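Numbering (our numbering), first residue to last: 6 to 130.
Structure follows, in structure tokens:
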């Protein structure tokens, strides 16, 4: 009689209250949510690059792991899903991780974000 191993998706289970350890007063869910949302900020991406974090294989693997935020039920918790998920996707590319150290690229991402916000508000009127 053959048994099948449980499917591993790389995604953590949905947050459950009370059974998750607390780190500095915060759950792993809260810490990862805070971090993944910080990826919406191009200046923070540049900071990660200047600190050489984007060249570390363990950090790159962590960024790949965080892609679970792009799927339900996690997606609904993102305050700025557009830029957060766009930057998380771009960070999967080695070339982007290298290029984000450039102030020109950072400024272009900032400009694109501002344009998207203005366009969104105009369509709301």
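All C-beta atoms in this analysis are idealised placements derived from N, C-alpha and C, irrespective of residue type, glycine included.
No experiment lies behind these values; they were computed from the predicted model shown.
- Assigned with DSSP and collapsed to three states, residue 70 falls in helix.
- At least 9 angstroms separates the beta-carbon of residue 108 from that of residue 46.
- Nearest to residue 84 by C-alpha distance, out of 40, 64, 31, is 40.
- Pairing residue 59 with residue 74 gives a Cβ-Cβ distance that is not under 9 angstroms.
- Of the candidates 112, 61, 34, 104, 34 places its Cα closest to the Cα of residue 82.
- Secondary structure of residue 85 (DSSP, three-state): coil.
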